[in-house]
Amino acid sequence: MSVNTKTKTTLIKGKSLSEGTILIVFLVLFALLSLAVDGFLTANNLSNLVRQTSINGVIALGMTFVIVSAGIDLSVGSVVGFSGMFAAILMTQAGINPVFSIIMALIAGTLVGLLNGILIYDGKVPPFIATLGTMTVFRGVIMLISGARMVSGLPESFVNFAQTSILGMPSLFVVWVLMILISSFIMAKTRFGRNIYAIGSNTEAARLSGINIRTNMYMIYGYSALMSSIAGIMLVSRLANGIPTAGGGYELDAIAAAVIGGASLNGAEGSIIGTVVGAMLMSTLRNAGDLLGIDPFILQILIGALIVAAVLIDQVKKQNK
Amino acid sequence: MSVNTKTKTTLIKGKSLSEGTILIVFLVLFALLSLAVDGFLTANNLSNLVRQTSINGVIALGMTFVIVSAGIDLSVGSVVGFSGMFAAILMTQAGINPVFSIIMALIAGTLVGLLNGILIYDGKVPPFIATLGTMTVFRGVIMLISGARMVSGLPESFVNFAQTSILGMPSLFVVWVLMILISSFIMAKTRFGRNIYAIGSNTEAARLSGINIRTNMYMIYGYSALMSSIAGIMLVSRLANGIPTAGGGYELDAIAAAVIGGASLNGAEGSIIGTVVGAMLMSTLRNAGDLLGIDPFILQILIGALIVAAVLIDQVKKQNK
Amino acid sequence: GSKQAQQPAQQEQAQQQQQSQPQQEQQKKDKYEFAVIVKATDSDFWQYVLIGANNAAKDNPAINVTTYGPPSEADIDKQVSILENVVNQKPDAIVIASTSSDATVPALEKAYDQGIKIITIDNRVKTDKIHSFLATDNIEAGGKAAQKLVDELKAKGIPLKGKVGLISAMAGVQVLIDRDKGFTDKLKELAPDIEIIGPRYVDNDVLKAVSAAENILTANKDVIGFFADNNMTGDGLARVITERKLQDKVVAVAFDSDPEEIKALESGALKALILQDPYGMGYKGVMSAYDALQGKTLEKYINTGSTVVTKENMNQQDIKELLDPTLKKK
Amino acid sequence: MAEREIVRMEGITKEFPGVRALSNVNLTVKKGEVHALVGENGAGKSTLIKILMGVYQKDKGRIFIEGREVNISNPLVAKEYGLGAVYQDITLAPHLSVGENFFLGKLPVKNGLIDWPTVFRVTDETLRKLDLNIDPRKRLKDLPVAQQEMVAIAKMIYEKVKLVIFDEPTALLTNEETQKLFQIINKLKKEGVGVIYISHRLEEIFGICDTVTVLKDGEKVATVPVSEVNEDRLISMMVGRDIKDIYSIKHYDTDEVVLEVKNLTREPRFRNINFKLYKGEILGMFGLVGSGRTDIVRCIFGADKADAGEIYVNGVKQSLNSPIDAIKAGIGFLPEDRKLQGLALQLPVMTNTNIVIYGDISKFGVIDGREEKVRTNKYVKELNIKTPTIYQKVKKLSGGNQQKVVVSKWLNAESKIFIFDEPTVGVDVGAKLEIYKLFENLTSQGASIILISSYLPEVMGLAKRILVMYEGNCTGIVNRNEVTDEDVLRLASGLSIEGNNCMQEGIR
Ligand SMILES: Nc1ncnc2c1ncn2[C@@H]1O[C@H](COP(=O)(O)OP(=O)(O)OP(=O)(O)O)[C@@H](O)[C@H]1O
Ligand SMILES: Nc1ncnc2c1ncn2[C@@H]1O[C@H](COP(=O)(O)OP(=O)(O)OP(=O)(O)O)[C@@H](O)[C@H]1O
Ligand SMILES: [Mg+2]
Ligand SMILES: [Mg+2]
């Protein structure tokens with residue numbers, strides 16, 4: 624039993640109480656901002672907002688898998704940078720066609736996740752350390768393969784993707800929505816999804832119930848890396864360049880989104896929908912802060928305070944029950 | 624019980640097996656470097672080496688307290704920056720004398736830790752989130768109070784401190800050694816120290832045994848913040864400036880040092896001496912990398928790999944038992 | 116060559132003894148060891164400096180250059196450690212872009228006293244114990260950005276009122292502070308009716324720069340210009356202007372160069388780039404150190420200058436090389 | 002009489018979300034009285050004492066200690082009033098040494114430093130006084146569960162309390178330790194300490210208790226002197242109906258060997274284990290704590306790797322490298338520690354029930370949600386699992402109901418060979434009966450059972466053949482009709498029994 628036992632919430636049909644809280648916080652904030660901030664509730668700004676959230680949002684989905692399994696993945700930022708840089712190099716220096724480059728980059732990125740899985744399961748290295756290691760290593764690899772330089776001259780078709788709209792929605796957002804649907808389907812409806820919760824709740828019991836922990840760990844960290852790789856490709860398309868430092872620090876945003884959305888770092892708690900709201904909450908704050916022209920330092924303080932407040936409110940609510 | 628159960632080691636009289644492993648890894652590395660790298664085993668270089676480790680080393684001591692209590696403190700880097708900047712501003716803009724400025728800065732920094740303790744104990748916010756919040760908030764505070772500008776013009780006497788030697792040892796190193804002695808004394812010999820292990824092992828049991836969890840949590844996070852504040856002052860003296868971005872990212876180094884030194888993020892495992900060796904191991908690698916003129920990217924990859932390897936070796940060793 | 120040769124241990128000891136009698140007469144060697152330390156290894160700018168430094172070594176066979184740098188500019192403490200380790204190796208000269216103006220002073224002074232030639236580049240270090248300092252005058256360069264922005268507005272017939280967005284890569288970094296100050300002061304002087312929105316800090320992350328620019332545009336209807344104070348922010352800004360097709364409505368000026376910025380200059384998304392001469396800093400830094408070793412006296416400060424590059428002049432050979440120093444890589 | 006009363010609880014009422022755990026319960030304990038608290042799983046026993054100990058707060062009611070009304074707002078207050086408890090789950094710090102656990106929160110200090118010699122000396126003395134041979138320097142988690150519990154008990158005795166609460170203390174103990182515990186309780190009684198004793202083993206109640214209070218569905222049924230009731234009467238008060246002779250089940254054993262274990266060895270835990278399990282048979286496995294039973298079955302189940310030996314299922318040699326293989330071979334395993342090994346506590350009943358068979362009820366990895374619910378509801382009903390919904394987190398169920406969830410998991414997996422490691426730990430009489438009926442039911446359908454139990458009456462009552470272990474060696478496979486309880490205990494202690502060389506396997 625640990626300190627965090629108290630933070631656990633009732634999981635009913637895959638939905639936790641926390642989700643409800645955070646959804647309410649988000650909706651109230653959204654309503655207030657719509658009233659108070661000029662230019663907030665405009666099609667243009669909302670489209671900006673969702674686009675600004677999409678890339679981090681995709682990473683946070685994979686992070687949710689990992690956190691629910693009682694793990695953590697610090698390497699996501701480096702995987703974002705790595706897969707993006709890898710794709711960019713293939714497309715430009717190797718002249719390989721975009722689709723094929725993307726596929727190769729997704730595979731390469733996912734392999735980093737597999738490596739994490741191997742270190743954690745077979746090497747028994749705690750996830751924090753294993754992924755701290757791969758985070759450091761793959762940032763170095765990015766620098767090595769790119770010579771620490773920006774890679775430009777990407778094919779038009781590829782760069783245009785981030786600009787286009789699909790059914791009136793920004794394409795990046797469409798990708799995110801797609802990933803949300805896939806991820807929540809996996810979490811709620813598949814055997815793999817159940818296994819993640821079971822492993823997060825009690826790895827030994829899961830093993831004795833015939834769950835193949837090795838395969839599942841590979842898949843969990845592989846999935847997280849796959850999401851980060853997709854985010855990496857989205858980022859390169861959006862920025863029209865492979866940038867060596869891209870993705871640095873994204874792990875904290877992704878973790879914050881998941882935890883604000885009700886995931887517990889002790890595992891077995893959390894949901895995709897919660898994470899999505901968590902990610903939206905953070906970017907909405909940043910967006911509104913910019914619109915209001917709040918001093919950036921004060922905005923930073925507010926965001927920090929709100930990360931804590933979101934969880935705090937949830938706790939207080941639970942205690943009053 | 625979670626995945627990490629496997630990482631636990633046998634703690635006998637406060638010493639874990641892991642420590643032994645890492646000490647051996649360190650000594651072997653040290654011996655190899657002494658033979659293979661010119662200029663490594665010189666008084667001059669060793670003095671550099673210990674000085675380079677001192678600041679992160681002090682932070683890692685406080686981090687060990689937190690990790691043994693099954694917590695985590697992401698705010699250390701911001702506290703380093705905050706206390707340092709606070710002291711710098713007091714000394715320059717307010718013209719307060721250095722000793723008094725330092726005391727005030729240490730108090731201010733420690734209060735951040737107290738805030739962490741309150742959020743975690745009273746607010747029941749998971750440590751990761753609480754300290755992620757204070758990390759963000761206090762980086763903002765640093766920017767606000769300094770106007771995001773470097774503070775220079777510090778008193779000579781203060782700046783000189785980092786350069787001087789005490790009994791032939793660099794003064795920063797002397798501070799570190801002092802803190803090591805105090806910290807390991809607290810950990811091993813005092814009730815407070817043993818309470819930390821008890822809380823990390825089973826908070827509920829500790830509570831039922833009449834250990835005042837609140838007080839202890841305040842003290843644990845307060846101690847971590849105090850160490851970071853001391854490190855902040857050391858850093859300002861070393862850099863001769865209050866630098867707004869100072870301390871950013873230090874949390875990962877401190878956590879890595881503790882974990883390489885045998886601390887478990889699940890709590891109740893870890894020791895000061897292990898952490899000290901962990902910190903030395905990391906900085907020795909960086910130092911040797913510089914001396915060998917290794918490509919910085921390759922060096923980064925090596926350091927990442929060694930963080931993982933240190934833990935991996937420990938695991939393999941345990942399995943062969 | 117550009118890799119460092121190892122000194123035999125005996126020689127090291129011999130040198131250690133020499134150390135007690137500082138300022139020996141310069142003994143001429145046929146191979147000199149140079150250490151070049153940059154602020155960070157993770158960006159194009161610093162890679163350009165390193166290209167310059169390595170080219171200098173290739174042009175002058177008597178020089179052997181080894182390069183160093185922490186992974187990120189935020190690692191001030193790590194840079195100090197690197198410097199200490201380098202000084203301990205006793206190279207013949209050190210060329211350093213010091214992240215902090217004070218932190219490196221003790222190590223540099225110690226090196227100077229040992230007879231190591233010290234050339235600082237990019238950022239001024241608060242000591243006299245250096246042989247030369249080569250840098251951009253960032254306040255002046257920031258002013259040039261404001262001047263260019265105003266000129267462009269006038270040329271387009273856009274009245275000098277409304278808002279100009281300022282996107283800064285990071286808070287608390289001295290060269291950026293100087294640039295922003297130079298820009299702000301000059302703009303206030305030239306166009307007092309223009310309000311500056313910002314600075315918005317973006318952690319040197321292009322994606323965050325994109326969001327910042329978007330949000331400034333959303334919140335303010337009368338944005339007539341932008342200033343981005345390095346290449347990452349310039350890239351983000353250029354993205355937004357391209358996406359929203361604001362080339363004709365908004366005058367954007369940015370600092371430094373990278374492939375994306377060059378493209379933006381061509382497309383008109385950015386109207387001007389204020390270029391420093393990172394290649395020159397590296398090249399001249401190494402050459403100056405060599406001169407010092409040869410006993411020449413150097414100027415204490417060399418302004419490496421800043422150049423305003425526009426679509427019009429970007430195809431001149433000298434400007435092209437300034438825009439992309441890799442063209443000169445040997 | 003009031004001056005002799007230690008604790009009086011009046012009108013205690015407590016509700017959890019969706020569950021009324023207690024309503025209007027009274028309980029009085031006097032000095033030197035051993036007061037039994039009995040009732041079915043989920044009757045509210047643990048909740049009642051946790052309210053007394055300040056772990057939970059009551060919704061209604063009053064608590065008096067030695068006649069004075071008190072407000073026990075947290076466990077520390079309870080401690081100050083001289084109340085002590087050993088809970089169902091051991092609440093000590095597993096990473097710390099036995100000695101340190103003994104002095105948890107109040108380590109003796111000398112000159113500002115912890116006085117380690119005193120810690121270990123006093124711990125050692127106290128343990129010895131209770132006839133326990135445990136190294137006070139050892140880490141708690143390196144001890145067997147039973148010894149951990151004895152440490153918890155010894156610690157409480159050392160703290161000199163007025164009232165001691167035991168919540169199912171013997172569930173994790175074997176006979177030897179149970180006897181020690183009873184001696185301890187008798188000693189406490191003589192010293193005028195009050196004892197609240199919760200157990201599902203009724204003969205214990207009749208052995209050591211003076212008064213018994215029966216709870217049913219959160220309400221008090223009665224408080225009576227133990228001398229005025231008999232076992233049958235008590236059972237009918239608890240479950241609201243008559244239950245007789247709980248071990249009388251039908252046997253369906255055949256001659257068909259379904260499992261054969263040859264020379265199974267895993268040093269240093271056990272060696273040279275040989276036995277056969279027949280179709281429809283219940284094979285008992287008895288031994289003292291640490292005798293190696295759990296290790297044997299873990300190897301059979303593929304959870305640990307054996308050093309040597311062969312395992313045949315239906316005559317086919319198996320290489321059981323992981324539980325997955327064992328499950329495929331039709332083996333199901335109920336581990337002894339359900340919290341650590343059997344259940345995903347934070348997950349709903351539904352997930353726990355189906356965890357093994359998600360592969361079977363999913364297509365391309367997608368779970369058939371309807372089937373999942375149908376199956377869960379079926380077992381909740383069949384095993385009478387008390388839960389508000391199938392979505393309730395298992396951690397919120399009472400101990401016995403948690404155990405039933407583990408059973409439902411393997412029933413659901415349609416295993417042919419069931420290994421039950423201490424299946425009735427913490428299970429009430431009614432539920433025990435249900436589990437025994439289940440054994441009957443399973444064997445009647447051709448399944449076979451290995452039943453590990455440290456509770457001799459249970460093994461003797463249910464199994465026709467009993468494999469007895471002593472320190473990793475099989476000291477005999479006996480036929481229950483040919484031996485007495487004493488014989489089995491002798492074997493379990495490494496002594497031989499007269500005229501019976503039981504190492505042969507042809508006992509049947
Ligand atoms: N923390 C809790 N939250 C919700 N319900 C609870 C909680 N603790 C207990 N309950 C419920 O209260 C009722 C009484 O539980 P309690 O643990 O007191 O039973 P018990 O008599 O000790 O049973 P057992 O013999 O199985 O240990 C049960 O229905 C249980 O599910
Ligand atoms: N003397 C001992 N020292 C340390 N650990 C022990 C000792 N005896 C047993 N254990 C541990 O306790 C657990 C149970 O032991 P084992 O499987 O040998 O006993 P068992 O016959 O199943 O007894 P139980 O009645 O406790 O289930 C195992 O994990 C074992 O490692
Ligand atoms: Mg109970
Ligand atoms: Mg057992």
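Taken in sequence, the protein lines are chains P, B, U and Y.
Per the numbering used here: the first sequence = residues 624 to 944.
Per the numbering used here: the second sequence = residues 624 to 944.
Per the numbering used here: the third sequence = residues 116 to 445.
Per the numbering used here: the fourth sequence = residues 2 to 509.
For every residue, glycine included, the Cβ atom is placed at its ideal position computed from N, Cα and C.
Keep in mind the model is a prediction, meaning the values are calculated, not measured.
Practice task
Report the residues of the stretch 762-786 of chain P with a CB closer than 8 Å to any CB of chain B, ordered along the chain.
Solution key: Arg762, Gly763, Val764, Met766, Leu767, Ala771
Problem - Closer than 9 Å at the beta carbon, the chain P residues around Y:Pro76 - result: Against Y:Pro76, chain P offers no close residue; the least beta-carbon distance is about 14 Å (beta-carbon pairs closer than 9 Å).
Exercise for the section: Leaving aside the five residues before and after U:Glu127 along the sequence, list all residues of the same chain whose C-beta is less than 6 Å from its C-beta, in chain order. Expected result: Legend: pLDDT at U:Glu127 = 42, less than 50; position of this residue unreliable, value from coordinates given subsequently. Within the same chain, U:Glu127 has no close Cβ partners at all.
Exercise for the section: Could you tell me whether any non-hydrogen atom of ligand 1 is closer than 6 Å to the CB of Y:Ala44? Expected result: yes
Exercise for the section: Compare the C-beta of Y:Gly106 against all C-beta atoms of chain B and say whether one is closer than 7 Å. Expected result: yes
Practice task
Please name the residue, chosen from U:Ile234, U:Ala353, U:Pro206, that lies closest to U:Ala384 on a Cα-to-Cα basis.
Solution key: U:Ala353
Exercise for the section: Could you please give the first and the last residue of the uninterrupted alpha helix (DSSP H) stretch that includes U:Leu223? Expected result: 220-228
Handout entry: Proximity winner among U:Glu188, U:Leu380, U:Ala256, relative to U:Glu427 (alpha-carbon distances)
Key = Here the closest residue by C-alpha is U:Leu380.
Exercise for the section: Indicate whether U:Thr333 and P:Gly643 have their beta-carbon atoms separated by less than 7 Å. Expected result: no
Problem - Through-space distance from U:Phe160 to U:Glu436, alpha-carbon basis - result: 13 Å
Problem - Simplified DSSP state of U:Pro314, which is helix, strand or coil - result: strand
Handout entry: Neighbourhood of Y:Asn502 by C-beta distance below 8 Å, restricted to the same chain and skipping five residues each side
Key = With a pLDDT of only 49 at Y:Asn502, under 50, the local geometry of the prediction cannot be trusted, and no value is derived from it.
Handout entry: Reduced DSSP secondary structure (H/G/I, E/B, other) of B:Phe663
Key = coil
Exercise for the section: Under the assumption that U:Ile166 contacts U:Tyr394 (Cβ atoms under 8 Å), give the Cβ distance between them as a whole number of angstroms. Expected result: 6 Å
Handout entry: Close-in-space but distant-in-sequence residues of the same chain around U:Leu268 (CB under 7 Å, 5 per side omitted)
Key = Leu275, Ile339, Gly340, Val366
Practice task
Would you list the one or two residues that DSSP bridges to P:Val735?
Solution key: According to DSSP, P:Val735 bridges with nothing at all.
Handout entry: Beta carbon proximity, B:Ala881 to chain Y, threshold 7 Å
Key = no
Handout entry: Separation of Y:Ala345 from P:Val829, as counted between CA atoms
Key = It should be noted that the sequence gives Ala, not Val, for residue 829 of chain P. Each residue's alpha carbon lies about 7 Å from the other.
Exercise for the section: Determine, using beta carbons only, whether Y:Val56 comes closer than 7 Å to chain P. Expected result: no
Exercise for the section: May I ask whether a heavy atom of ligand 1 can be found less than 6 Å away from the beta carbon of Y:Val20? Expected result: Yes, the beta carbon of Y:Val20 sits closer than 6 Å to at least one heavy atom of ligand 1.
Handout entry: Enclosing beta strand (DSSP E) for B:Gln786 [first to last residue]
Key = First-last for B:Gln786: undefined, no H or E at that position.
Exercise for the section: Taking only the alpha-carbon atoms, compute the straight-line gap between U:Gln136 and P:Phe705 and give it to the nearest angstrom. Expected result: A caution first: U:Gln136 carries a pLDDT of 38, below 50, which makes its placement in the model unreliable, though a value can still be read off. Taking C-alpha positions only, U:Gln136 is separated from P:Phe705 by approximately 51 Å.
Exercise for the section: Examine chain B for any beta-carbon lying closer than 7 Å to the beta-carbon of U:Gly375, and answer yes or no. Expected result: The identity of residue 375 of chain U in the sequence shown is Glu, whereas the question assumes Gly. False, the Cβ-Cβ gap to chain B never drops below 7 Å.
Problem - Limits of the alpha helix (DSSP H) - the one that P:Tyr846 falls within - result: 836-862
Problem - Residues that B:Ile866 contacts on chain U, provided the C-beta gap is smaller than 7 Å - result: For B:Ile866, the residues of chain U that pass the 7 Å Cβ criterion are Ile191, Ser215, Gly287, in the order they occur in the chain.
Handout entry: Span separating the alpha-carbon of P:Ala848 from that of Y:Leu164
Key = 56 Å
Exercise for the section: Using 6 Å as the cut-off, classify the Cβ of Y:Ser409 as near or not near the heavy atoms of ligand 1, replying yes or no. Expected result: no
Problem - Interface positions of the stretch 193-225 of chain U facing chain B (Cβ-Cβ less than 8 Å), listed along the chain - result: Lys193, Val195, Ser196, Ile197, Glu199, Asn200, Val201, Asn203, Gln204, Ser215, Ser216, Asp217, Ala218, Val220, Pro221
Practice task
To the nearest angstrom, report how far apart Y:His96 and Y:Ala327 are at their CA atoms.
Solution key: 32 Å
Practice task
Indicate whether the contact test is met: 3 or more Cβ pairs, each with one atom in the stretch 858-875 of chain B and one in the stretch 704-719 of chain B, closer than 8 Å.
Solution key: yes
Exercise for the section: Pull up the DSSP beta-bridge partners for U:Thr425, would you. Expected result: U:Ala387
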